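Undergrad: In my numbering, the protein residues as written are 26 to 191. Where a beta carbon is used, it is the ideal one built from N, C-alpha and C, also for glycine. On a predicted model such as this, the values are computed, not experimentally measured, just so you know.
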Ligand SMILES: [Cu+2]
Ligand SMILES: [Zn+2]
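(1) To which residues of the same chain is residue 145 closer than 8 angstroms at the C-beta, ignoring the five residues directly before and after it?
(2) Please report how far the alpha carbon of residue 32 lies from the alpha carbon of residue 120, in whole angstroms.
(3) Examine the Cβ distances between the segment 167-176 and the segment 101-115 and report whether three or more of them are shorter than 8 angstroms.
(4) Buried or exposed for residue 99, please, with buried defined as at least 16 other CB atoms from any protein chain shown within 10 angstroms of its CB.
(5) If we require 4 or more residues per run, which alpha helix (DSSP H) segments fall completely within the segment 101-180?
(6) Which of the three DSSP states, helix, strand or coil, is assigned to residue 57?
(7) Thinking just about the alpha-carbon of each residue, which of 112, 56 and 61 is nearest to the one in residue 156?
(8) Once DSSP output is grouped into helix, strand and coil, what is the label at residue 188?
(9) Give the residues whose C-beta lies closer than 5 angstroms to at least one heavy atom of ligand 1, in chain order.
(10) If we ignore side chains and look at the alpha-carbon of each, how far apart do residue 37 and residue 49 end up?
(11) Smallest Cα separation from residue 4: which of 73, 180 and 165?
(12) Using the C-alpha atoms, what's the distance from residue 181 back to residue 138?
(13) Using 8 angstroms as the threshold, is the C-beta distance between residue 134 and residue 88 below it?
Next comes the structure, spelled out in C-alpha cells:
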C-alpha cells in the first residue's frame with residue numbers, strides 16, 4: 026500500500042512540477058462530518074520537512090495549522106489527535122514566543138472566498154520520521170488564525186480539519 030502511494034506521488038510530480046523528489050507521504054484531510062476535503066503531502070528534506078496543503082470547503086480567511094501528536098482523527102472534534110507535537114519539558118506554544126518548544130507550530134493557512142486553501146510550508150523543527158513515530162501524527166486545521174503567542178494554541182479555536190500521518 027505504501028509503495029502504491031509513493032508511486033502515485035512520483036507520477037503526480039512528473040506531471041505537475043517540482044515537489045516529491047524525495048520520499049513523500051500523502052494523507053487525506055477530512056472535516057468534522059468525516060468528509061474528504063483535500064490532502065496534505067509531506068516530503069522529507071535534508072534539514073526538515075516540506076508540507077503541501079490542498080483543501081476546499083473551509084471558511085474563508087486565516088486558519089491555524091499545526092502538527093498534532095497522534096495519527097487519530099477518529100473523534101469528530103479531532104481532540105483524539107492530542108496536543109501539538111513538542112520537545113521535552115513544559116509545552117510552550119508560539120512561533121513568536123522566544124521560549125516556545127512546540128515542534129508542531131506552523132504558519133497559518135489562508136482560505137480564499139471560494140473555500141479553497143493551498144500552500145506549502147517548510148519546518149526545520151522535525152523530520153518526516155519524527156512525524157511517523159510509533160503513534161504517528163496528525164495535521165490539524167483550526168477555525169481561527171494562530172496568533173503565535175497565546176497559550177496553549179494561539180487562540181486558534183476549534184479543530185475543523187484533520188489528516189492522519191502514519
Ligand atoms: Cu492545532
Ligand atoms: Zn503549539
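TA: Checking against the coordinates, here is how it stands:
(1) Taking the first residue of the chain shown as position 1, residue 145 is located at position 120. So the qualifying residues of the chain are 44, 75, 76, 77 and 78.
(2) Position 7 of the chain shown holds residue 32. Position 95 of the chain shown holds residue 120. Its pLDDT being 48, under 50, residue 32 is placed unreliably by the model, and nothing is read from it.
(3) Put simply, the segment 167-176 does not touch the segment 101-115. Fewer than three CB pairs are less than 8 angstroms apart.
(4) Locating residue 99 in the chain shown gives position 74, counting from the first residue. Exposed, since its Cβ has fewer than 16 Cβ neighbours within 10 Å.
(5) Entirely contained in the segment 101-180, the alpha helix (DSSP H) runs reaching 4 residues are, in chain order, 153-156.
(6) Taking the first residue of the chain shown as position 1, residue 57 is located at position 32. Residue 57: coil per DSSP, three-state reduction.
(7) Numbered from its first residue, the chain shown carries residue 156 at position 131. Residue 112 holds the alpha-carbon nearest to the alpha-carbon of residue 156 among 112, 56 and 61.
(8) One-based indexing of the chain shown puts residue 188 at position 163. DSSP places residue 188 in strand when its eight states are reduced to three.
(9) Listed by position along the chain, the residues with Cβ atoms less than 5 angstroms from a non-hydrogen atom of ligand 1 are 91 and 165.
(10) The residue you call residue 37 lines up with position 12 of the chain shown. The residue you call residue 49 lines up with position 24 of the chain shown. For residue 37, the predicted model reports a pLDDT of 49, less than 50, meaning its position is unreliable and no value from the coordinates is stated.
(11) A question about residue 4 goes unanswered here, because the residues of the chain that appear run from 26 up to 191.
(12) For the purposes of this step, residue 138 is identified with residue 113 of the chain shown, where counting begins at 1. For the purposes of this step, residue 181 is identified with residue 156 of the chain shown, where counting begins at 1. Rounded to whole angstroms, residue 138 and residue 181 show a C-alpha spacing of 19 angstroms.
(13) By 1-based counting over the chain shown, the position of residue 134 is 109. By 1-based counting over the chain shown, the position of residue 88 is 63. Cβ atoms of residue 134 and residue 88: closer than 8 angstroms.
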